[in-house]
Structures are given as C-alpha cells and as structure tokens.
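Let me begin by presenting the structure, written as structure tokens, before commenting on it.
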Amino acid sequence: EAGVTQFPSHSVIEKGQTVTLRCDPISGHDNLYWYRRVMGKEIKFLLHFVKESKQDESGMPNNRFLAERTGGTYSTLKVQPAELEDSGVYFCASSRGLPRETQYFGPGTRLLVL
Amino acid sequence: QQQVKQSPQSLIVQKGGISIINCAYENTAFDYFPWYQQFPGKGPALLIAIRPDVSEKKEGRFTISFNKSAKQFSLHIMDSQPGDSATYFCAATGSARQLTFGSGTQLTVLP
Chain A
857 EAGVTQFPSH SVIEKGQTVT LRCDPISGHD NLYWYRRVMG KEIKFLLHFV
907 KESKQDESGM PNNRFLAERT GGTYSTLKVQ PAELEDSGVY FCASSRGLPR
957 ETQYFGPGTR LLVL
Chain B
512 QQQVKQSPQS LIVQKGGISI INCAYENTAF DYFPWYQQFP GKGPALLIAI
562 RPDVSEKKEG RFTISFNKSA KQFSLHIMDS QPGDSATYFC AATGSARQLT
612 FGSGTQLTVL P
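Taken in order, these protein sequences are the chains called A and B.
Our numbering numbers the first residue of the first sequence as 857 and each following residue consecutively.
Our numbering numbers the first residue of the second sequence as 512 and each following residue consecutively.
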C-alpha cells in the first residue's frame with residue numbers, strides 16, 4: 857500500500873510569489889489533514905477535509921492560504937502571495953475516518969520564502 | 512498559547528541508556544495521546560499511543576507513562592540504540608480529530 861505522497865519535496869520562492877503544494881493521501885482515506893512546522897517549533901494543525909468538504913479550517917493562518925480537495929482525492933494548498941513567515945515544513949496526513957485513528961503523514965514539503 | 516508542552520528540546524543518551532521525554536497538556540477534553548517518531552527527510556510516524564484510562568502502556572522498549580491528575584505523560588525508551596536517534600513528538604487529540612503536537616525532542620543516541 858502506497859503511503860501519503862507530497863509534491864514538491866522542496867520549494868524556494870521569493871516573497872510575493874505563489875506556491876502550490878500537493879498531497880496524495882492513502883487510497884481509501886476520506887480524512888485529509890494539513891499541518892505546518894515553522895522554525896523547529898511544534899507541528900501545527902491547518903485544516904481537515906472529510907472527502908471533498910472542509911471539516912475544520914480553524915488553523916489556517918489567513919486568507920493567503922487556500923486549500924482544495926477536488927473529488928475527495930488529492931489536495932492542494934496554495935499560498936498567494938507568499939510571505940517570509942510562511943517558510944516551514946508543510947505536512948499532509950490522512951486517515952480512514954474514526955476519531956483517534958492513526959494519521960499517516962507524508963514526508964512534507966519544505967518551503968523557503970526569500 | 513501552546514496546549515502541549517514538551518521537554519527537553521534535545522537529549523543525548525549513551526547506547527543502552529534510558530531516554531525520557533516529558534509532556535504536559537492543558538485541555539481536559541484531550542482523550543488520546545500518541546507519540547510520533549520522525550527521521551530526517553521523513554514524515555512523523557506513529558510510535559505508540561495511550562488513552563487516559565490506563566497509567567502505562569508498553570510496546571517493546573517503548574513505554575508511555577500517563578498521569579491524568581497532573582495532566583502529564585512521558586515516553587521512556589529503554590536500552591536506547593543509535594537507530595532510535597530521531598525527533599520525537601508527543602501529541603494529544605480528542606473528538607475534534609486534529610492532533611495538537613508538542614514542540615519536539617531531538618534524541619541522539621551515542622554508540
């Protein structure tokens with residue numbers, strides 16, 4: 857069974873540019889989460905999809921971040937325009953659907969905004 | 512406000528020694544406490560988890576101790592090995608499903 861995959865693995869952009877991150881969850885996992893780790897701090901929750909619907913987006917920092925999950929399969933997270941403080945590692949995780957179920961994480965996308 | 516506090520930030524242990532990482536939480540709605548292990552270039556992976564109705568859970572060399580009244584829990588790695596060198600995150604969750612993580616502990620086990 858393939859794990860969670862994320863693309864790209866690294867991205868270096870300039871302030872003001874746009875970046876789109878992609879996550880492919882484990883097949884059959886209805887729940888998809890985005891998290892971010894900034895500067896060696898804790899991994900913070902961004903949002904949660906159940907299939908194609910946003911279940912909880914309380915962790916999204918501001919309206920420069922837009923997440924979508926078309927057809928309930930892969931998800932994208934767009935940052936537009938990027939700011940310096942957006943630098944960090946963006947993780948995607950997926951799970952089947954029950955609360956407290958194991959979330960399986962992808963390797964992350966390392967974003968650096970210059 | 513950080514809801515899960517983790518210490519120490521880094522830990523160096525000799526091979527064969529015991530590694531201990533501590534976490535404390537504030538939100539009493541949390542009812543599931545997983546520990547994740549992350550190797551460089553990889554995403555976090557579930558290591559072991561505990562529910563608050565038990566005080567201890569052991570899986571091989573890894574043990575979680577849980578103190579509900581103090582709202583604290585800890586990870587003990589017995590007979591630590593160089594292959595255990597990684598970053599460890601404690602986390603907490605409840606019905607909301609999202610994980611709330613601690614800030615991570617970088618463990619180095621010296622050969």
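By construction, the Cβ of each residue, glycine as well, lies at the ideal position given by its N, Cα and C atoms.
**Request:** Please list the segments of the beta strand (DSSP E) lying wholly inside the region 567 to 615 of chain B, counting only runs of 3 or more residues, in order along the chain.
**Result:** Segments of the beta strand (DSSP E) lying fully in the region 567 to 615 of chain B: 567 to 570, 573 to 578, 583 to 588 and 597 to 603.
**Prompt:** Residues of chain B with CB under 7 angstroms from lysine 939 of chain A, in chain order?
**Reply:** Position check: residue 939 of chain A holds glutamate in this sequence, whereas lysine was assumed. By Cβ distance, chain B contributes nothing, its closest Cβ being about 22 angstroms from glutamate 939 of chain A, past 7 angstroms.
**Prompt:** Who are the near neighbours of isoleucine 523 of chain B in its chain, counting only those whose CB is closer than 7 angstroms to its CB and skipping five residues on each side?
**Reply:** Correct list, in chain order: Thr619 and Leu621.
**Prompt:** Does the beta carbon of lysine 897 of chain A come closer than 7 angstroms to any beta carbon on chain B?
**Reply:** Chain B, which has a Cβ nearer than 7 angstroms to the Cβ of lysine 897 of chain A, makes this yes.
**Request:** Would you decide whether valine 984 of chain A is buried or exposed? Buried here means 16 or more other CB atoms lie within 10 Å of its CB.
**Result:** The first residue shown for chain A is 857 and the last is 970, placing residue 984 of chain A beyond what the model contains.
**Prompt:** Counting only beta-carbon atoms, is tyrosine 599 of chain B nearer than 7 angstroms to chain A?
**Reply:** False, the Cβ-Cβ gap to chain A never drops below 7 angstroms.
**Request:** Taking serine 606 of chain B as the query, report the chain A residues whose CB atoms sit under 8 angstroms from its CB, ordered along the chain.
**Result:** Per Cβ cutoff of 8 angstroms: Pro955.
**Request:** Sort B:Pro555, B:Asp564 and B:Gly552 by Cα distance to phenylalanine 509 of chain B and report the nearest one.
**Result:** It is not possible to answer for residue 509 of chain B, since the shown part of chain B is limited to 512 through 622.
**Message:** Please tell me whether glutamate 870 of chain A and leucine 940 of chain A are closer than 7 angstroms, where the distance is taken between their beta carbons.
**Reply:** No, the Cβ-Cβ distance between glutamate 870 of chain A and leucine 940 of chain A is not below 7 angstroms.
**Asked** Closest Cβ-Cβ distance between phenylalanine 550 of chain B and chain A: below 7 angstroms?
**Response** Not one chain A Cβ lies under 7 angstroms of phenylalanine 550 of chain B.
**Prompt:** Can you name the residues of chain B whose CB is closer than 7 angstroms to the CB of threonine 958 of chain A?
**Reply:** One finds Leu557 in chain B with Cβ atoms closer than 7 angstroms to the Cβ of threonine 958 of chain A, taken in chain order.
**Residue span of the beta strand (DSSP E) that contains threonine 861 of chain A, given as start and end** = Start and end: 861 to 863.
**Prompt:** Three or more beta-carbon pairs under 8 angstroms between the region 557 to 571 of chain B and the region 533 to 545 of chain B, yes or no?
**Reply:** Touching, yes.
**Prompt:** To which residues does DSSP link histidine 904 of chain A through a beta bridge?
**Reply:** In the DSSP output, where bridge partners are listed per residue, histidine 904 of chain A has A:Tyr889 and A:Asp912.
**Item:** Complete runs of the beta strand (DSSP E) confined to the region 514 to 561 of chain B [at least 3 residues]
**Value:** Uninterrupted beta strand (DSSP E) stretches at least 3 residues long and entirely within the region 514 to 561 of chain B occur at 515 to 518, 521 to 525, 530 to 536, 544 to 549 and 556 to 561, given in chain order.
**Item:** Under 7 angstroms between C-beta atoms of glycine 884 of chain A and phenylalanine 901 of chain A
**Value:** Cβ atoms of glycine 884 of chain A and phenylalanine 901 of chain A: not closer than 7 angstroms.
**Request:** Please state whether DSSP places aspartate 564 of chain B in a helix, a strand or coil.
**Result:** Annotated three-state conformation of aspartate 564 of chain B is coil, per DSSP.
**Request:** Within the same chain, show all residues whose beta-carbon is closer than 7 angstroms to that of serine 518 of chain B, passing over the 5 residues directly before and after it, in chain order.
**Result:** Short of 7 angstroms from the beta carbon of serine 518 of chain B, and not among the five residues preceding or following it, lie these beta carbons of its own chain, in chain order: Asn533.
**Request:** Step through the CB atoms of chain B and report whether any lies within less than 7 angstroms of the CB of proline 963 of chain A.
**Result:** For proline 963 of chain A, the answer is yes, since a Cβ of chain B falls inside 7 angstroms of its Cβ.
**Classification of asparagine 918 of chain A by the beta-carbon crowding that lies within 10 angstroms, buried from 16 upward** = Classification for asparagine 918 of chain A: exposed.
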